[in-house]
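Undergrad:
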Amino acid sequence: MLMGFILLGLGILILFSVFFSFSYSFIFLIGFLIIGFGIYKLIRSFPKGIAAIIVGSIIVASAFGKIHFDVLEFIVILISSGLIEVGLDLIVKKRG
Numbered sequence: 001m002l003m004g005f006i007l008l009g010l011g012i013l014i015l016f017s018v019f020f021s022f023s024y025s026f027i028f029l030i031g032f033l034i035i036g037f038g039i040y041k042l043i044r045s046f047p048k049g050i051a052a053i054i055v056g057s058i059i060v061a062s063a064f065g066k067i068h069f070d071v072l073e074f075i076v077i078l079i080s081s082g083l084i085e086v087g088l089d090l091i092v093k094k095r096g
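Anchor point for the sequence shown: position 5 equals 5 in full-length UniProt numbering, and the numbering is continuous, going up by one each time.
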């Protein structure tokens, strides 16, 4: 439940950073926090956390200026990373 509130807060902060154009160092920090959470979840149970690592990596790359996307593309990134995580989860459950 605590992790849910942390993720909710991070999601709201990211949306604020998109709409109110916070500095790139703030976006960089948020990206690394999401990657850290993804690695934590990945260690605890394998397929869970892949989506957070993907999204965090894309946010960090955006903070470096390597990738540029708008809000609709970010929504597509969230959906696609979620689908990747669910697909891997189903593959692992089938084998186990």
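Note that the Cβ used here is the ideal one computed from N, Cα and C, for glycine as well. Keep in mind the model is a prediction, meaning the values are calculated, not measured.
1) Taking C-alpha atoms, which residue in V92, I30 and G65 lies nearest to I53?
2) Grab me the residues of D89's own chain with a C-beta within less than 6 Å of its C-beta, minus the 5 sequence neighbours each way, in chain order.
3) On the three-state DSSP scale, how would you describe G31?
4) What is the DSSP secondary structure of D70, counted as helix, strand or coil?
5) Can the beta-carbon of G82 be found less than 9 Å from the beta-carbon of A51?
6) Beta-carbon within less than 8 Å of L42's beta-carbon, same chain only, minus the 5 sequence neighbours each way: which residues are those?
7) Quick check on K48: does DSSP put it in helix, strand or coil?
TA: For this structure:
1) On the sequence shown, residue 53 is found 53 positions in, with the first residue counted as 1. Closest by alpha carbon: I30.
2) Stepping through the sequence shown from its first residue, residue 89 is reached at position 89. Taken in chain order, the residues that qualify are P47.
3) The sequence position of residue 31 within the sequence shown is 31, counting from 1. Here G31 sits in helix by DSSP.
4) Looking up residue 70 in the sequence shown gives position 70. It is coil, neither helix nor strand.
5) Mapped onto the sequence shown, residue 82 falls at position 82. Mapped onto the sequence shown, residue 51 falls at position 51. A contact, by the Cβ cut-off of 9 Å.
6) For the purposes of this step, residue 42 is identified with residue 42 of the sequence shown, where counting begins at 1. K48, G49, I50 and I53, listed in sequence order.
7) Translated into the one-based positions of the sequence shown, residue 48 becomes position 48. Coil.
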